[in-house]
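S.K.: Residue numbers (our numbering), protein chains in the order written: chain C, 1 to 105; chain Z, 1 to 220.
Cβ atoms here follow ideal geometry from the backbone N, Cα and C, with glycine treated the same way.
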């Protein structure tokens, strides 16, 4: 199991050959690696600390990704395709990843 | 429910024992072998030796499918790390953390993965206040990450709520009377219940409604 803090990249196939599960099919609390396009981007303060909240979509659905403690991440912009890897959980805006590792495509 | 408790000191061991008695599956984590061997006598509790601040140890201890993680070590830094890892790496639905130094309480929020924080000094202060005060507003505890709280007012002689029925008072939205304690008896808050002086009124309210609750029960 690769943890977010390890930032361990998966060996093997390049990103374009890898098959990713559809966003609509992922389950809470299961470690996954998914691909999507950034559809919405917002900075929200959370008890005095900023957080970057991103909505990621693919053809099947969407997930929310939150990176805490920052207002922006270089390369993470609207329309960008990214891969994220982590454990989602049920949140107020659907499945939410907190501080997952990410790869820009 | 499957509950993982980090920290097997007096707080953690006690919680483990009580929760195991209630039929929950308990895993107790500590990195001190002497504590772990001492604690192995608690029936129904599984002990894991290891550093709870290590994600691999948490994975081995069963956090990936735990319903609740309680970070109750005597060290606030450790409790925060355990909370963050539990939430971020394992998506634990409910993370409870113990605040040792009240000065650190501001950090125990959802940014650090904490759903509920328990601060003994704050709790003690509130309870002492509750025990000695009549006619003032006492905030007993928080729910839902501080968005809602349980408050208590012991009605003073001059309170505007005295001799009124509960339904006739101008309760704000987002506030609910949950019970009344009179002469040591717990009474349900029916609409036609008439409040008397020295009744302890317990109200569950969102933070923004507390001022209105205060106005109803104490006056301005």
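Opposite residue 24 of chain Z in the DSSP bridges: which residues?
M.R.: Taking the first residue of the second chain as 1, we reach residue 24 of chain Z at position 24. In the DSSP output, where bridge partners are listed per residue, residue 24 of chain Z has none listed.
S.K.: Cβ of residue 208 of chain Z less than 9 Å from any chain C Cβ?
M.R.: Here residue 208 of chain Z corresponds to residue number 208 of the second chain, with the count starting at 1. No, residue 208 of chain Z lies away from the interface with chain C (no Cβ there is under 9 Å from its Cβ).
S.K.: Which word fits residue 102 of chain C, buried or exposed, when buried means at least 16 other C-beta atoms lie within 10 angstroms of its C-beta?
M.R.: Along the first chain, read from residue 1 onward, the residue named residue 102 of chain C stands at position 102. Flag for residue 102 of chain C reads buried.
S.K.: Along the beta strand (DSSP E) that carries residue 88 of chain Z, what are the first and last residues, could you check?
M.R.: Here residue 88 of chain Z refers to the residue found at position 88 of the second chain. In this chain, residue 88 of chain Z is not harboured by any beta strand (DSSP E); it is covered by the alpha helix (DSSP H) spanning 76-90.
S.K.: Per DSSP, which residues does residue 35 of chain C bridge with? Please list them.
M.R.: The residue you call residue 35 of chain C lines up with position 35 of the first chain. Its beta-bridge partners are C:83.
S.K.: Of all the beta strand (DSSP E) runs that stay within the bounds of the region 113-182 of chain Z, which reach a length of 3 or more residues?
M.R.: 116-119, 137-143, 148-154 and 175-182
S.K.: Quick test of the definition: if touching needs 3 or more C-beta pairs under 8 Å, does the region 18-26 of chain Z touch the region 82-91 of chain C?
M.R.: Between the region 18-26 of chain Z and the region 82-91 of chain C, the count of C-beta pairs closer than 8 Å stays below three; the two stretches do not touch.
S.K.: Check this for me: beta carbons of residue 37 of chain C and residue 52 of chain C, under 9 Å apart or not?
M.R.: Here residue 37 of chain C is taken as the residue at index 37 of the first chain, counted from 1. Here residue 52 of chain C is taken as the residue at index 52 of the first chain, counted from 1. For residue 37 of chain C and residue 52 of chain C, no; Cβs fall outside 9 Å.
S.K.: Taking the alpha helix (DSSP H) that residue 103 of chain C belongs to, which residues open and close that run?
M.R.: What you label residue 103 of chain C is simply residue 103 of the first chain in a count that begins at 1. Taken as a continuous stretch (DSSP letters only), residue 103 of chain C belongs to no alpha helix (DSSP H), being part of the beta strand (DSSP E) at 101-104.
S.K.: Given that a residue counts as buried once 16 or more other Cβ atoms are within 10 Å of its Cβ, and exposed if not, what is residue 186 of chain Z?
M.R.: Position 186 of the second chain, counting from 1, holds the residue named residue 186 of chain Z. Exposed, since its Cβ has fewer than 16 Cβ neighbours within 10 Å.
S.K.: Thinking C-alpha only, which one of C:30, C:23, C:41 and C:18 is nearest residue 66 of chain C?
M.R.: Taking the first residue of the first chain as 1, we reach residue 66 of chain C at position 66. Of the candidates C:30, C:23, C:41 and C:18, C:41 places its Cα closest to the Cα of residue 66 of chain C.
S.K.: DSSP on residue 221 of chain Z, reduced to helix/strand/coil?
M.R.: Any question about residue 221 of chain Z goes unanswered here, given that chain Z covers just 1 to 220.
S.K.: Name the residue from Z:184, Z:120, Z:133 and Z:115 whose alpha carbon lies nearest to the alpha carbon of residue 86 of chain Z.
M.R.: Indexing the second chain from 1 puts residue 86 of chain Z at position 86. Taking only the C-alpha atoms, the option nearest residue 86 of chain Z is Z:115.
S.K.: Beta-carbon separation of residue 6 of chain Z and residue 72 of chain Z under 9 Å?
M.R.: On the second chain, position 6 is the one that residue 6 of chain Z refers to. On the second chain, position 72 is the one that residue 72 of chain Z refers to. Going by C-beta atoms, residue 6 of chain Z is nearer than 9 Å to residue 72 of chain Z.
S.K.: Ends of the alpha helix (DSSP H) at residue 2 of chain Z?
M.R.: Mapped onto the second chain, residue 2 of chain Z falls at position 2. Where residue 2 of chain Z is concerned, there is no enclosing alpha helix (DSSP H), although the beta strand (DSSP E) it sits in stretches over 2-6.
S.K.: For a contact defined as C-beta to C-beta under 8 Å, what are the partners of residue 165 of chain Z on chain C?
M.R.: Locating residue 165 of chain Z in the second chain gives position 165, counting from the first residue. Result: empty, since nearest Cβ-Cβ is about 37 Å, beyond 8 Å.
S.K.: Name the chain A residues that come within less than 7 Å of residue 189 of chain Z, Cβ to Cβ?
M.R.: Reference to chain A is not applicable here, since the protein chains of this structure are C and Z.
S.K.: Who are the near neighbours of residue 7 of chain C in its chain, counting only those whose CB is closer than 7 Å to its CB and skipping five residues on each side?
M.R.: Looking up residue 7 of chain C in the first chain gives position 7. Any reading at residue 7 of chain C needs caution, since the residue's pLDDT is 47, under 50, leaving its predicted position unreliable; the model's value is listed next. Contacts found: 101.
S.K.: Of the choices C:105, C:104, C:73 and C:95, whose alpha-carbon is the least far from that of residue 29 of chain C?
M.R.: Here residue 29 of chain C refers to the residue found at position 29 of the first chain. For residue 29 of chain C, the nearest C-alpha among the options comes from C:95.
S.K.: For residue 156 of chain Z, which option in Z:175, Z:143 and Z:134 has the closest C-alpha, if you only look at C-alpha atoms?
M.R.: For the purposes of this step, residue 156 of chain Z is identified with residue 156 of the second chain, where counting begins at 1. Restricting attention to Z:175, Z:143 and Z:134, the CA atom closest to the CA of residue 156 of chain Z is found in Z:134.
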